[in-house]
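Only one structure is covered here, and it is reproduced in the block below.
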Amino acid sequence: MLSGVSRFLDRFFPPARREQPLYRLLLTLVAVAFVLIATVVIAFDSIFLSQNAVTALQIGSIASSDIRAPFSVVFISEVLTDRMRQAAVAGVSPIYAPPDPNVARQQIQLLRQILEFIDNVRHDPFGTPEQKTRDINSITALALDAVVIETLLNMDDETWNAVSDETVTVLERVMRESIRESELMQIADQIPTQVSLRFDTEAAAVVIDLVHDLLRPNRFLDAAATSAAEVAAAEGVEPQSRSFERGQVVVRAGTRIEAADYEALSQLGLLSSPDRRAQMIVRAFLASLLVMITLALYVTRNADQFNTSPRSIALLAGIFVIALVGARLFSGGDNLLYLYPAAAMALLLVAIAHLEIAIVAGFCLALLVGLMSNNSLEIAVSIGVGGTVGALMLRRSDRFNSYFGAGFVVGLTDVVIVTLFNLGSLVSEDGTFGTLILYALINGVLAAMTALAGMYGLTLLFNLPTSLKLVELSQPNQPLLQKLLRNAPGTYQHSLQVANLAEQAANAIDADADLLRVAALYHDIGKANNPGFFVENQADNVNPHDALNDPYRSAAIIIDHVLDGDKMAKQSRLPSRLRDFILEHHGTTQVTYFYNKALQAAGDDEAVDISEFTYPGPKPQSRETAIMMLADSCESTVRARKPAHKAEIAEIVQGIFDARMRDGQLDECGLTLRDLTAVKEIFIDMLQAVFHPRINYPSSGGARRPAQVAVTQQVPIEVYSRPDEAQATPEEPAELPPKRQTSEVRPVAPPTSSEDADESPLLEVPPLRRTQRMNPAEKEPDDDV
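The opening position of the sequence shown corresponds to residue 24 in my numbering, with each subsequent residue numbered one higher.
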């Protein structure tokens with residue numbers, strides 16, 4: 024069912040982008056809906072008066088102060104009247120029908136048949152004692168033990184005849200009396216007194232057992248008459264009235280509110296507070312508006328940290344509203360708010376959004392719930408601090424144990440807060456403090472369980488790229504990855520390299536590294552449909568583009584890998600956030616190589632429509648998709664050009680970054696110049712580590728020669744210049760012909776001076792710079808980065 028709802032949401036509520044005209048309108052509608060719903064939830068008691076008595080003061084609550092009657096009143100108390108009627112009904116005795124003589128006749132007749140059968144068994148000349156015993160045991164109306172059966176079979180005929188007559192006599196005598204179901208056992212106990220004293224103990228035992236098994240009640244309850252009597256008794260009770268004088272105490276402080284007290288408060292209008300309705304509604308509206316503005320300012324200021332589409336903002340607002348509604352539901356009972364797992368919202372927002380938004384939203388929720396619970400500072404502090412601590416403790420949202428660890432810390436935090444605010448009740452005898460401590464500990468466990476359940480439900484319902492979903496999608500046995508590996512193994516290896524580059528760069532600028540790593544695995548899945556048209560999958564000197572000899576057709580095939588990838592991702596129900604990487608990793612760049620070929624064939628620049636050689640885009644809309652674009656271009660271009668010097672790698676990377684900036688591809692992604700500098704340095708270091716030259720050691724035979732350096736790399740020596748990547752640096756496409764090139768092994772002497780060091784082949788693999796943040800105290804990588 025959840026998958027069906029998810030498909031409905033994807034179809035009718037697709038994610039909106041910033042460039043769409045309705046973007047601001049949708050955000051405005053989300054903000055207005057958030058404020059209105061939050062206002063209704065907070066001021067629910069004042070808006071819906073019929074529910075106010077249920078939520079404000081309930082039966083069983085303890086009155087915190089004396090409640091006095093604001094005016095004199097006399098009213099009919101339904102509670103007291105019903106109580107008197109119930110007492111009258113309980114005093115009605117059950118009415119039984121007269122004894123039924125037919126019951127006695129039936130039992131006497133049955134007894135005579137049984138006695139006749141036993142007599143036949145006794146006089147059976149062919150029956151053995153064992154057979155006679157089995158015959159008597161077959162009588163369903165009797166349950167005689169073995170001693171009585173043996174006595175029956177062994178007594179003489181004269182004694183048996185006397186026992187038979189006595190049994191009929193005793194049963195008739197007993198059944199003449201009135202016997203109710205409840206009196207059956209009592210009358211059965213009196214059967215021995217009805218047996219004649221002329222019988223010995225064994226014969227009397229036979230009479231008693233036979234009569235006992237056939238004794239039945241003969242007087243039954245008359246349900247109709249009893250019900251009529253109860254109705255009459257209830258109708259005979261006069262309505263009970265209550266009266267209160269102005270200023271009279273209705274409920275004293277410390278008294279538990281009973282049903283009659285609750286009715287009196289309702290009759291006196293003390294549960295509705297009509298004079299404060301407008302004030303409470305305005306207060307709720309202002310608080311909701313303040314929270315909305317606070318969250319909106321934070322989201323606007325930090326829009327580059329998470330997805331800010333209307334759908335994502337609506338999801339975050341929906342989670343907040345659900346948490347607020349839950350607090351409203353838990354506010355109806357004594358101390359139930361201490362049990363409410365409000366920290367689950369913070370844990371959930373850490374998993375699907377960002378740590379900072381979880382903390383901000385947690386304190387906003389604490390403000391609103393504190394207002395709902397009679398301006399309780401204790402509740403507000405418990406929810407705000409507990410949610411913050413839980414969010415900070417959830418270091419690995421992809422591990423189940425992390426949630427329960429964070430929940431345990433939330434429980435301990437709540438225990439400390441309860442102790443701080445309730446030190447005065449430590450010596451109380453009602454056990455309230457112990458109950459609050461227990462609630463606080465359970466709260467932490469419930470917060471972890473609720474967060475896990477919520478994340479699982481949101482992942483299925485909205486197809487979100489949560490940590491659990493990303494772990495699942497990163498497994499190599501995923502169908503799309505298996506298809507890419509089988510059909511386009513070169514593209515698969517390229518995707519792995521891009522994933523490594525992008526992940527390290529994301530860590531360096533505090534972007535979503537897990538999302539980037541998984542997105543990189545899927546960004547080129549569209550190439551699996553036509554793998555041979557892409558250089559990394561070509562072999563045996565076969566270039567389909569040469570046989571095609573049509574730049575328009577070749578460009579369409581290259582560009583279609585983006586559209587095909589998006590279609591495959593949609594069919595496989597990949598999260599829409601991952602589909603953004605497929606559509607945006609080439610932005611609106613051009614397939615320059617085939618565009619130039621089309622120009623050469625046409626001989627006229629105006630005869631060629633450049634839109635036919637342009638990727639559909641859009642341009643990268645987030646820092647993560649921009650990093651993907653840069654990593655994809657840098658990895659493929661460096662691999663295609665086979666640089667011989669580390670300075671050449673830096674030059675290629677710098678050229679790609681400059682080209683993307685000049686082309687405006689990075690204008691909408693939110694990357695700063697500092698971010699670009701950090702990403703560029705990471706790319707240069709990692710690409711040097713991957714595409715580094717190695718020492719060409721001499722063979723073991725012959726004279727020893729000085730070691731020489733040969734330029735090699737991890738990819739095969741023969742590399743075709745990828746048509747879809749030739750445009751990575753605008754200066755290069757014309758110099759990269761669409762045919763296979765073979766790199767040459769060139770011996771190079773070690774540099775003789777420091778000035779030549781950057782222009783010489785690398786003699787060893789340079790160490791990869793750390794991308795994690797260092798803890799100033801411990802000088803170790805911080806796991807949070």
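The C-beta atom is built at its ideal place from N, Cα and C for all residues, glycine as well.
Mapping the DSSP letters down to three states, classify residue i as helix, strand or coil.
i: Leu-493; result: helix
i: Thr-695; result: coil
i: Gln-613; result: strand
i: Ala-115; result: The displayed chain sequence assigns Val, not Ala, to residue 115. The answer is coil: DSSP assigns Val-115 none of H, G, I, E or B.
i: Thr-278; result: coil
i: Thr-163; result: coil
i: Leu-244; result: strand
i: Thr-62; result: helix
i: Phe-71; result: coil
i: Thr-190; result: helix
i: Phe-423; result: helix
i: Thr-637; result: strand
i: Ser-405; result: helix
i: Phe-222; result: coil
i: Val-254; result: helix
i: Phe-714; result: coil
i: Phe-343; result: helix
i: Pro-773; result: Confidence is the limiting factor: at Pro-773 the pLDDT is only 38, short of 50, which leaves the residue's position unreliable, though a coordinate-based value still follows. Coil.
If we ignore side chains and look at the alpha-carbon of each, how far apart do residue i and residue j end up?
i: Glu-200; j: Arg-239; result: 11 Å
i: Thr-151; j: Val-171; result: 17 Å
i: Val-348; j: Ile-532; result: 37 Å
i: Leu-176; j: Asp-236; result: 19 Å
i: Thr-611; j: Ser-425; result: 41 Å
i: Arg-683; j: Leu-689; result: 7 Å
i: Val-404; j: Val-432; result: 15 Å
i: Glu-379; j: Glu-495; result: 26 Å
i: Gln-109; j: Ala-66; result: 39 Å
i: Ile-70; j: Phe-427; result: 38 Å
i: Ala-307; j: Leu-360; result: 19 Å
i: Leu-538; j: Val-373; result: 14 Å
i: Arg-540; j: Ser-420; result: 16 Å
i: Val-112; j: Arg-279; result: 27 Å
i: Tyr-363; j: Thr-458; result: 14 Å
i: Lys-669; j: Ala-337; result: 48 Å
i: Pro-574; j: Asp-686; result: 23 Å
i: Ile-214; j: Val-197; result: 8 Å
i: Leu-165; j: Ala-226; result: 17 Å
i: Ala-654; j: Gly-640; result: 17 Å
i: Phe-714; j: Gln-516; result: 14 Å
i: Gly-277; j: Leu-339; result: 42 Å
i: Val-468; j: Lys-590; result: 42 Å
i: Leu-443; j: Val-96; result: 44 Å
Under 8 Å, do residue i and residue j count as touching if we go by C-beta distance?
i: Ile-644; j: Cys-692; result: In the sequence under discussion, the amino acid at residue 644 is Gln, which differs from the Ile named in the question. Result yes, Cβ atoms of Gln-644 and Cys-692 sit closer than 8 Å.
i: Ala-534; j: Ile-650; result: yes
i: Gln-285; j: Ile-82; result: For the record, residue 285 in the displayed sequence is Tyr; it is not Gln. Result yes, Cβ atoms of Tyr-285 and Ile-82 sit closer than 8 Å.
i: Asn-530; j: Ala-522; result: no
i: Ala-663; j: Val-614; result: no
i: Leu-371; j: Met-478; result: yes
i: Arg-242; j: Pro-124; result: no
i: Ala-381; j: Ile-406; result: no
i: Val-383; j: Tyr-321; result: yes
i: Ala-319; j: Thr-473; result: no
i: Leu-710; j: Ile-672; result: yes
I think residue i touches residue j, with their Cβ atoms under 8 Å apart; what is that distance to the nearest whole Å?
i: Met-315; j: Phe-57; result: 6 Å
i: Leu-194; j: Val-144; result: Going by Cβ atoms, the distance from Leu-194 to Val-144 rounds to 20 Å, so no, they are not a contact pair.
i: Ala-369; j: Ala-414; result: 4 Å
i: Leu-291; j: Val-273; result: 7 Å
i: Val-438; j: Leu-464; result: 6 Å
i: Cys-657; j: Leu-524; result: 7 Å
i: Ala-471; j: Ala-429; result: 7 Å
i: Ser-490; j: Leu-544; result: The Cβ separation is near 16 Å, so there is no contact.
Determine, using beta-carbon pairs with one atom in the segment 537 to 557 and one in the segment 508 to 520, whether at least three such pairs fall under 8 Å. yes
Pairing CB atoms from the segment 472 to 488 with CB atoms from the segment 588 to 605, are three or more of them under 8 Å? yes
Please determine if the segment 139 to 148 and the segment 240 to 260 are in contact, where contact requires at least 3 C-beta pairs separated by less than 8 Å. no
Count the CB pairs spanning the segment 211 to 229 and the segment 183 to 203 that are closer than 8 Å, and state whether there are at least three. yes
Evaluate the contact criterion for the segment 201 to 213 versus the segment 153 to 172: three or more CB pairs, one atom per stretch, below 8 Å. no
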